[in-house]
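A quick write-up on the structure given underneath.
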Amino acid sequence: MPISPEQAQEIAEARSQTHTTMRATVPGMEQHLYTAHEVLDHGFIRVIDYMGDDSAICQAARVSYGKGTKSVQNDEGLIRYLMRHWHSTPFEMCEIKLHVKLPVFVARQWIRHRTANVNEYSARYSILDREFYIPAPEHINAQSVVNNQGRGKILEGEEAARVLEILKADSTRAYDNYEAMISDDGQDGLARELARMNLPANIYTQWYWKVDLHNLFHFLRLRADSHAQYEIRVYADAICNVVADWVPAAYSAFEDYRLGGAQLSGKAVDCVRRMLKGEEVTQETSGMSKGEWREFQGVIG
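Numbering-wise (our numbering), the sequence shown opens with residue 139 and increments by one.
Below, the structure is given as structure tokens:
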């Protein structure tokens, strides 16, 4: 169960209250507030708070243009211009705070995005729950033969069953020992800050994560990409669904220029121009390495 009965009660109480405000609100985001969107087997994301909307982005951009320029370009067109030309500060005017429950190994990837404010559940103070991420059979893969940090073919049959049994058994054994070490039944009990080091990286943790829209888009561009690890990509996909309801014009531009777009090197652009002229271009004549050429072929199909 991703959320505890206590959290479910807290969410119900929070959603039962309304507040009068003069600041901008977004109906789509008001529907998301506090609601837990389930991710993986025990995880979730939920919106705790947000600030700003599409208009806030435009307001920030136009402050440098001077008064009376709104008629020059509509909001959606302006936002697309800002996204297309990699302007960042107007998007920083919007912020979101999320409550996220995720496996520790996913959190270690996530925290590499350092342009956010984070407060994590303390295993020095509190006892971690007996909840571990165990992949579904369709997400048990062999090592990729072309990418040192990626997955290859799906493991099947006895091999997949063996791996799943190891993951489950090791998780259970580690938590049993964790409980035994911290127990004060007939012993002093090991300090929680020491006992936690015996727990595996697939145990779940929780944190509050606050970030502005510009840096959130950077996170999503990398983590909602098809090449990202599945376990963090599903969190990014869930956040994408929320952001689409929060700032629809900005998300549409992001989806078009970042998620659906591609960045080409100077050599790649030169190859495209040569191809358009009818020239046959190969990896050997492109000036690219084999890895660059493979990625270029992936872009142009």
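Backbone N, C-alpha and C fix where the C-beta goes; we use that ideal spot for every residue, glycine too.
Go through its chain and collect everything with a Cβ distance to residue i's Cβ below 6 Å, but skip five positions before and after it.
i: T253; result: N353
i: Y313; result: R268
i: L171; result: V185
i: T423; result: none
i: N286; result: none
Would residue i pass as a contact of residue j if the rule is Cβ separation under 7 Å?
i: D179; j: C196; result: no
i: Y342; j: K239; result: yes
i: T173; j: R184; result: yes
i: A333; j: I320; result: yes
i: P275; j: A298; result: yes
i: M231; j: A280; result: no
i: L358; j: A374; result: yes
i: A362; j: D192; result: no
i: V201; j: W384; result: no
i: M189; j: E233; result: yes
i: A406; j: F434; result: yes
i: I278; j: L266; result: no
Leaving out the 5 sequence neighbours to the left and right, which residues in its chain are closer than 7 Å to residue i when beta-carbon positions are compared?
i: S226; result: H352
i: V283; result: G290
i: R262; result: R330, E331
i: Q155; result: none
i: N315; result: N336
i: S209; result: The pLDDT assigned to S209 is 46, lower than 50, so where the model puts this residue is not dependable, and the model offers no usable value.
Spatial neighbours of residue i within its chain, please: CB distance less than 8 Å, with the 5 preceding and 5 following residues excluded, ordered by chain position.
i: A376; result: H175, V177, I183
i: T420; result: none
i: G327; result: M319, I320, S321
i: P241; result: L178, G181, F270, Y271, A339, N340, I341, Y342, T343, E369
May I ask you to list the residues that DSSP assigns as paired with residue i?
i: H237; result: R184, Y346
i: T255; result: The residue you asked about is not Thr; residue 255 is Asn in the sequence shown. Per DSSP, K348.
i: V177; result: G181
i: M110; result: Past the edges of the chain, shown from 139 to 439, lies residue 110, and the structure says nothing about it.
i: L171; result: V185
Query raised in the report: Counting pairs of beta carbons, one from the stretch 219 to 230 and one from the stretch 330 to 347, are three or more of them closer than 8 Å?
Result: The answer is no - the stretch 330 to 347 does not touch the stretch 219 to 230, with fewer than three Cβ pairs under 8 Å.
Report task. Determine, using beta-carbon pairs with one atom in the stretch 383 to 398 and one in the stretch 300 to 307, whether at least three such pairs fall under 8 Å. Result -> Of all C-beta pairs linking the stretch 383 to 398 to the stretch 300 to 307, fewer than three are shorter than 8 Å, placing the two stretches out of contact.
Requested in this report: Report the residue ranges of all alpha helix (DSSP H) runs contained in full by the stretch 261 to 344; include only those spanning at least 4 residues, in chain order.
Outcome: Taken in chain order, the unbroken stretches of alpha helix (DSSP H) that lie wholly in the stretch 261 to 344 and span 4 residues or more are 295 to 320, 330 to 333.
Report task. Pair every Cβ in the stretch 366 to 375 with every Cβ in the stretch 240 to 259, then say whether three or more of these pairs are closer than 8 Å. Result -> The stretch 366 to 375 is in contact with the stretch 240 to 259.
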